[in-house]
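Using the numbering used here, the first residue of the sequence shown is number 52, and each one after it goes up by one.
Glycine included, each C-beta is placed from N, C-alpha and C at the ideal position.
The model shown is predicted, which means the values in this text are computed figures rather than measured ones.
Below is one structure, written out as structure tokens; the observations come after it.
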Amino acid sequence: MSFIKEIFYNLSQDDINPNIKPVRQKHRHVPHHLRKFVSEKIQKITSINLITPAMLLLRDQTIKEETF
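Below is the structure:
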């Protein structure tokens, strides 16, 4: 899998505007029989830095703003 990292490493970077309020989307359920497989794949691509985990603080901040 190292060849994937070599191909896509620094290919592009998204410009993230911190002034834009995040949009909440409906959770997409993963079928029970595929959860282990999906979890393993996510861990694998996270470990080679193809994706980065979402920040939990952002989620908590969004929930707090909606409750007030």
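CA-to-CA distance, I67 to I99, given in whole angstroms: 22 Å
Which of helix, strand or coil does DSSP assign to L85? helix
Could you tell me if L107 is buried or exposed, where buried requires 16 or more neighbouring beta carbons within 10 angstroms of its beta carbon? Per-residue confidence for L107 stands at a pLDDT of 48, beneath the threshold of 50, marking its modelled position as unreliable; the derived number appears in the next sentence. It counts as exposed.
Mind checking whether V81 and V74 have CB atoms under 7 Å apart? no
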